[in-house]
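J.: I am attaching a structure below and will ask some questions about it afterwards.
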Amino acid sequence: MFFIFGLGNPGKKYKYTRHNLGFWVVEEMAKKYRVSFWRRRCFSRMAVISRVFPQPVALIKPQTFMNLSGRALFCFQEKYRFSVDKILVICDDLSIPAGFIRFKARGSSGGHKGLGSIISALNTEEFPRLRVGIGPVTEGFSYEEFVLQELTSEEVEIYRRITAHAVSAVEIFITAGIEKVMAEYNRRKLI
94 MFFIFGLGNP
104 GKKYKYTRHN
114 LGFWVVEEMA
124 KKYRVSFWRR
134 RCFSRMAVIS
144 RVFPQPVALI
154 KPQTFMNLSG
164 RALFCFQEKY
174 RFSVDKILVI
184 CDDLSIPAGF
194 IRFKARGSSG
204 GHKGLGSIIS
214 ALNTEEFPRL
224 RVGIGPVTEG
234 FSYEEFVLQE
244 LTSEEVEIYR
254 RITAHAVSAV
264 EIFITAGIEK
274 VMAEYNRRKL
284 I
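Numbering-wise, the sequence shown is residues 94 to 284 according to this note's numbering.
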C-alpha cells in the first residue's frame, strides 16, 4: 500500500486557508476516484483507492492540527510498518511562489512545522514530499497570519486549478516515481 499524507488543520475555520492545501490535494484525489474519507485510528481520516494504481493508495488527512502531524504519521507507520519510500507528504510552502509545485525526495523542514513534526516522529528527513507554493507573504502579514488567512474567492479558484495539477503530478509520482515527476513539474509554472 502507498500512503499519501495531505497536511492541514481540521475544521471549517481552516478549510479555505493556504495551510490546508495538503488537504485540498488528497480531497481532490478522493473526489476524482470516488472514494470517501472515514475516521480511522491514528488521529486521521482516510480514504483508499484500490484497483486503479499498481498498489492500493491510502489518502490520509491527519486531524492532529498541522504542528502535530508527525503523531498521526508515526501511528500509521507503527500500524502498517511501511518504509518511507511508500509515503508522500503534501504541504504548503512559503518559499515557493504560488503557481508552482515542487517534489523533493528528502530534505529539512525548511521551517514548516508540520514537516518538522514528521521528521521528528520518523527520526529521518529521508521521505518524499510535494510542496505547493503559496509565496510570497503579503506585505503587512506575519507568516502565521498569511498561512491561516481565509482566501478570497479569486484565490480559492487559483488554488483549485493548482490542486488539479498537483493531483495529476501525484498520479505520475505513484506510477512512475519521483525522478519522473520532478523532471516534469519542478520548474513548470502551472498557472
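Beta carbons: idealized from backbone N, C-alpha and C, even for Gly.
#1: Could you spell out the range, first to last residue, of the beta strand (DSSP E) harbouring Lys154?
#2: Are Pro221 and Leu181 touching if we call contact CB-CB under 8 Å?
#3: According to DSSP, is Leu283 part of a helix, a strand, or is it coil?
#4: Looking at Asn102 and Met139, is the spacing between their C-beta atoms short of 8 Å?
#5: Out of curiosity, what's the CA-to-CA distance linking Glu247 and Ile284?
#6: Near Tyr126, what residues of its chain come up, given a Cβ to Cβ distance below 7 Å and the 5 sequence neighbours on each side ignored?
#7: Of all the alpha helix (DSSP H) runs that stay within the bounds of the region 95 to 168, which reach a length of 4 or more residues?
#8: Gln170: buried (16+ other C-beta within 10 angstroms of its C-beta) or exposed?
T.: A quick look at the data gives this:
#1: Element bounds for Lys154: 150 to 155.
#2: With a cutoff of 8 Å on beta-carbon distance, Pro221 and Leu181 are scored as near each other.
#3: In the structure shown, Leu283 falls within a coil segment according to DSSP collapsed to helix, strand and coil.
#4: Contact: no.
#5: Rounded to the nearest angstrom, the gap between the Cα atoms of Glu247 and Ile284 is 13 Å.
#6: Around Tyr126: Ile142, Val145.
#7: The qualifying runs are 114 to 125.
#8: Buried, by the Cβ-count rule.
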